[in-house]
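Count along the sequence shown from 1, then add 39; that gives the number in the working numbering.
The C-beta atom is built at its ideal place from N, Cα and C for all residues, glycine as well.
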Amino acid sequence: MDRTGLNAGGLSRALLLVLLVLISGCSGPGRSADKLPLRIAIPRQPSSALALLAMEGGFFEAEGLAPRYTIHPSGKRALEEALLAGTADIALASDLPVLEHLSRGEDLLILATVQSVRSLNAVVGNRDRGIGQFADLREKRVGLQPHSAVHYFLECALVAHDVDIRTVEIHAMPIEELVPALVRGDVDAVSIREPYLTDAVHRLGSRSVVLRAPWVYPQFDLALVRRSFAENHAPELELFLRALLRAEQFLRTNPDEAALMVARTLNLGVEETGENLSNAITRVELPQSMILHFEEQLRWIREEGTDPVRTPLALDLLEIIHPGPLRAIQPERVDIAGFAYWEPRE
Numbered sequence: 040m041d042r043t044g045l046n047a048g049g050l051s052r053a054l055l056l057v058l059l060v061l062i063s064g065c066s067g068p069g070r071s072a073d074k075l076p077l078r079i080a081i082p083r084q085p086s087s088a089l090a091l092l093a094m095e096g097g098f099f100e101a102e103g104l105a106p107r108y109t110i111h112p113s114g115k116r117a118l119e120e121a122l123l124a125g126t127a128d129i130a131l132a133s134d135l136p137v138l139e140h141l142s143r144g145e146d147l148l149i150l151a152t153v154q155s156v157r158s159l160n161a162v163v164g165n166r167d168r169g170i171g172q173f174a175d176l177r178e179k180r181v182g183l184q185p186h187s188a189v190h191y192f193l194e195c196a197l198v199a200h201d202v203d204i205r206t207v208e209i210h211a212m213p214i215e216e217l218v219p220a221l222v223r224g225d226v227d228a229v230s231i232r233e234p235y236l237t238d239a240v241h242r243l244g245s246r247s248v249v250l251r252a253p254w255v256y257p258q259f260d261l262a263l264v265r266r267s268f269a270e271n272h273a274p275e276l277e278l279f280l281r282a283l284l285r286a287e288q289f290l291r292t293n294p295d296e297a298a299l300m301v302a303r304t305l306n307l308g309v310e311e312t313g314e315n316l317s318n319a320i321t322r323v324e325l326p327q328s329m330i331l332h333f334e335e336q337l338r339w340i341r342e343e344g345t346d347p348v349r350t351p352l353a354l355d356l357l358e359i360i361h362p363g364p365l366r367a368i369q370p371e372r373v374d375i376a377g378f379a380y381w382e383p384r385e
């Protein structure tokens, strides 16, 4: 299977299509020579497709931004090592770590969802350790990145398969260490997502088994800012979202070329990338359904006590969403009750 992502002809066609989108795509204010600086933290995962396409295609520059990018192993790391550390203005991350930090009092705002998907996460197990189904994880060592989407997925999947989490030996580690730990035999299975999932399967070969439970966790990936930045940089936020909308248009009209571009950036096979994108809703929006799933995750954070040192705060979910920039450019994409006249607190 081709894992390079792009051949020369495919890349040329993709770049040509990007140029066409830049010429004929969404109109925006990016005609001025004075571009606005913006630091963007992007996780290395398929759910970052819109940001990766905007980066590769020059859509941020076309909309009038002067972007600086940092790429991180996961959304949790982009959030913690860039946005919360003050080295990024905007970050992409999945819902669970965002809600956990919000429940600790971090002053974050959600600009939009950039993808929703049910099949991103899975458990990769070693058949030689007797793993063939979720029930076999009892008394096994499972590696995961703690307080993250793959952590939440694993617990949801275990509950759905009547496996008591207390019978599973959890090994917490950074996400980029999961596959090496599995291959060395330090753990019997890992809860993981792309591009690490495909790497795990390739490196374990015939010993690998992939356990999926796509019905247990509808995951939302989010674009985030600090409240202080949102209050003083409305133009940058609108331009950022406009660039993502260009990328969304490009993905919708040129799915094969978009998959080639994302695959190259992730160093993932085109087939796997295209499958991930086809199974996801990759769209810039603020849907009502997001609120319902947030409530379930906040309940898990409170009941499971992922941080026993702190007591999670009660959150008003309408206070952590900043609909203004998206509503200013495409108001029909804001579909959350209660935002007719809402603006962030002073």
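- Among L138, L147 and R83, which one has its Cα closest to the Cα of L122? Taking the first residue of the sequence shown as position 1, residue 122 is located at position 83. The candidate whose alpha carbon is nearest that of L122 is L147.
Margin query: Rounded to the nearest angstrom, what separates L307 and R107 at their Cα positions?
Written below: In the sequence shown, the residue the question calls residue 307 occupies position 268. In the sequence shown, the residue the question calls residue 107 occupies position 68. Computed Cα separation, rounded: 23 Å.
**Study point:** alpha helix (DSSP H) runs contained entirely in the stretch 174 to 215, provided each spans 4 or more residues
**Key:** 188 to 199
How far does the beta strand (DSSP E) with G97 in it extend, from its first residue to its last?
The residue labelled residue 97 in the question sits at position 58 within the sequence shown. Element bounds for G97: n/a, residue is neither H nor E.
Could you check the C-alpha separation between E215 and P370 for me, to the nearest Å?
Here residue 215 refers to the residue found at position 176 of the sequence shown. Here residue 370 refers to the residue found at position 331 of the sequence shown. Taking the straight line joining both Cα atoms gives about 38 Å.
Could you give the DSSP three-state label for S158: helix, strand or coil? Reading the sequence shown from its first residue, position 119 is the one you call residue 158. Reduced to three states, the DSSP call for S158 is coil.
Quiz item: D295: buried (16+ other C-beta within 10 angstroms of its C-beta) or exposed?
Solution: Here residue 295 refers to the residue found at position 256 of the sequence shown. Exposed, by the Cβ-count rule.
Handout entry: Residues that L75 bridges to, as DSSP identifies them
Key = The residue given as residue 75 occupies position 36 in the sequence shown. L104.
| query | Can you tell me the Cα-Cα spacing of R180 and G169, whole angstroms? | reply | The sequence position of residue 180 within the sequence shown is 141, counting from 1. The sequence position of residue 169 within the sequence shown is 130, counting from 1. Each residue's Cα considered, the two are about 12 Å apart.
Considering D238, what are the terminal residues of the alpha helix (DSSP H) in which it resides?
Here residue 238 refers to the residue found at position 199 when the sequence shown is read from its first residue. Segment Y235 to L243, the alpha helix (DSSP H) holding D238.
Checklist entry - According to DSSP, is R83 helix, strand or coil? => result Residue 83 sits at position 44 when you count from the first residue of the sequence shown. Of the three classes helix, strand and coil, the one that applies to R83 here is coil, per DSSP.
> Among the residues of its own chain, which have a CB less than 7 Å from the CB of P364, if the five just before and after it don't count?
Replying inline: Taking the sequence shown and counting its residues from 1, one reaches residue 364 at position 325. Counting only Cβ-Cβ distances below 7 Å, and skipping sequence neighbours, we find L150, A273, L276, E277 and L280.
For this session: Please classify T152: does DSSP put it in a helix, a strand, or coil?
Result: Residue numbering aside, residue 152 sits at position 113 when the sequence shown is read from its first letter. In this structure, T152 counts as strand in the three-state DSSP scheme.
- What did DSSP end up calling Q327 once you bin it into helix, strand or coil? Position 288 of the sequence shown holds residue 327. Reduced to three states, the DSSP call for Q327 is helix.
Item to check | Where the alpha helix (DSSP H) through S267 begins and ends | outcome: Your numbering for residue 267 matches position 228 in the sequence shown. Segment R266 to N271, the alpha helix (DSSP H) holding S267.
>> With a threshold of 8 Å on Cβ separation, who are the neighbours of L104 within its own chain once the five nearest residues in sequence on each side are excluded?
In response: Mapped onto the sequence shown, residue 104 falls at position 65. So the qualifying residues of the chain are G69, K74, L75, P76, L77, E275, L278, F279 and A282.
(message) Quick check on R265: buried or exposed, where buried means 16 or more other Cβ atoms within 10 Å of its Cβ?
(response) In the sequence shown, the residue the question calls residue 265 occupies position 226. Classification of R265: buried, given that the 10 Å Cβ count is 16 or more.
| Does the beta-carbon of R285 have 16 or more other beta-carbons within 10 angstroms, so that it is buried, or is it exposed? | Residue 285 sits at position 246 when you count from the first residue of the sequence shown. So R285 counts as buried.
Quiz item: Are the stretch 224 to 232 and the stretch 156 to 169 touching, with three or more C-beta to C-beta distances below 8 Å?
Solution: yes
Notebook entry, point to check: So F173 and A188 are in contact, right, with Cβ under 8 Å, and what is the actual spacing, rounded?
Noted result: Taking the sequence shown and counting its residues from 1, one reaches residue 173 at position 134. Taking the sequence shown and counting its residues from 1, one reaches residue 188 at position 149. Actually they are not in contact, since the Cβ atoms of F173 and A188 sit about 18 Å apart, beyond 8 Å.
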